[in-house]
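**Q** Before I ask anything, here is the structure I am working with.
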């Protein structure tokens, strides 16, 4: 069980024709200690090829092979101060590490559009610049791709009395057809709601491929 605190939960659910498996990706944030967690059930045959993370507990990347396919899971917990700058510089730090089989999840600590917050505050130039960077890299907000007109939130700020969607699941535009559905799941033990992504994997003779 994850310890109580400021915890963000993301669930990547890989579904094949014959089975459904779940990978839980979480960030745990305390005033004394922080960290990122990727929980892979024992029943999943997941061969880890590479793990990369920072010392501050803001970033973790796991590259591996599952169902005979490469997959890269990236977990981000942007800092409270300088979140936009941190997220914007990540693509350059990850150059050469990502591909269409990459799923990026995390608490970006900032909304990316006017629809992502309940207040009337407009997005600023920094957010617009970040969106332009993501667009140039063909990285999309998977939830927004499935729900283009839905105003839904993952976080409530008691200090400001506002709701926002600062927790994300991002992926490459070319891989959008792999994703079956994405949804926000309310939680009672965290100030952040959980996100769940289902990915279709159709098994073929001799190997497994994502479609």
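Numbering (full-length UniProt numbering), first residue to last: 1 to 211.
Built from N, CA and C at the ideal position, the CB exists for glycine as well.
(1) Per DSSP, what kind of secondary structure is residue 152 in: helix, strand or coil?
(2) Please go through the same chain and pick out, in chain order, the residues whose beta-carbon is closer than 8 angstroms to the beta-carbon of residue 111, but skip the five residues on each side of it.
(3) In or out: residue 82 buried (at least 16 other Cβ within 10 Å) or exposed?
(4) Would you please state the rounded distance, in angstroms, between the beta carbons of residue 130 and residue 84? I believe it to be under 8 angstroms.
(5) Measuring CA to CA, which of 184, 186, 75, 86 is closest to residue 53?
(6) Who are the Cβ neighbours of residue 175 in its own chain at under 6 angstroms, not counting the five residues just before and after it?
(7) Let me check one thing: in DSSP terms, what residues is residue 171 bridge-paired to?
(8) For residue 143 versus residue 169, is the C-beta spacing smaller than 8 angstroms?
(9) Going by alpha carbons, who is nearest to residue 200 out of 180, 70, 190, 192?
(10) Take residue 92 as the anchor and find which of 134, 77, 55 has the nearest alpha-carbon.
(11) Spatial neighbours of residue 1 within its chain, please: CB distance less than 6 angstroms, with the 5 preceding and 5 following residues excluded, ordered by chain position.
(12) Are residue 38 and residue 73 close, meaning C-beta to C-beta below 8 angstroms?
(13) With hydrogens ignored, establish whether the beta-carbon of residue 42 is closer than 7 angstroms to any heavy atom of the ligand COA.
(14) Determine the DSSP secondary structure at residue 118, reduced to helix, strand or coil.
(15) Going by beta carbon distance, what residues of the same chain come within less than 8 angstroms of residue 48, once the five residues before and after it are set aside?
**A** Quick answer:
(1) Within the chain shown, the letter at position 152 stands for residue 152. Residue 152 falls in the coil class under three-state DSSP.
(2) The residue labelled residue 111 in the question sits at position 111 within the chain shown. Within the same chain, and ignoring the five residues on either side of residue 111 in sequence, the residues whose Cβ sits closer than 8 angstroms to its Cβ are 117, 123, 127, 164, 165, 166.
(3) Counted from its first residue, the chain shown places residue 82 at position 82. Residue 82 comes out exposed.
(4) Taking the first residue of the chain shown as position 1, residue 130 is located at position 130. Taking the first residue of the chain shown as position 1, residue 84 is located at position 84. The distance from the Cβ of residue 130 to that of residue 84 is about 6 angstroms, consistent with a contact at the 8 angstroms cut-off.
(5) Stepping through the chain shown from its first residue, residue 53 is reached at position 53. When C-alpha distances from residue 53 are compared across 184, 186, 75, 86, the shortest belongs to 75.
(6) By 1-based counting over the chain shown, the position of residue 175 is 175. Excluding residues within five positions, the ones whose Cβ falls inside 6 angstroms are 100.
(7) The count along the chain shown starts at 1 and reaches residue 171 at position 171. In the DSSP assignment, residue 171 forms a beta bridge with 103, 140.
(8) Mapped onto the chain shown, residue 143 falls at position 143. Mapped onto the chain shown, residue 169 falls at position 169. Cβ distance < 8 angstroms, so residue 143 and residue 169 count as in contact.
(9) Walking along the chain shown from the start, residue 200 turns up at place 200. For residue 200, the closest C-alpha among the options 180, 70, 190, 192 is that of 180.
(10) Counted from its first residue, the chain shown places residue 92 at position 92. Comparing Cα positions, the closest option is 134.
(11) On the chain shown, position 1 is the one that residue 1 refers to. Residue placement at residue 1 is poorly supported in this model, since its pLDDT is 42, which falls under 50; the coordinates still yield a value, given next. In its own chain, leaving out the 5 sequence neighbours on each side, no residue places its CB closer than 6 angstroms to the CB of residue 1.
(12) Here residue 38 is taken as the residue at index 38 of the chain shown, counted from 1. Here residue 73 is taken as the residue at index 73 of the chain shown, counted from 1. Between residue 38 and residue 73, the gap from beta carbon to beta carbon is short of 8 angstroms.
(13) In terms of ligand content, the structure shown is empty, and the ligand COA therefore cannot be addressed.
(14) Start at 1 with the first residue of the chain shown, and residue 118 comes out as number 118. Coil at residue 118, not helix or strand.
(15) Translated into positions along the chain shown, residue 48 becomes position 48. Apart from sequence neighbours up to five positions away, the residues of its chain that approach residue 48 with a beta-carbon distance below 8 angstroms are 62, 63, 64, ordered along the chain.
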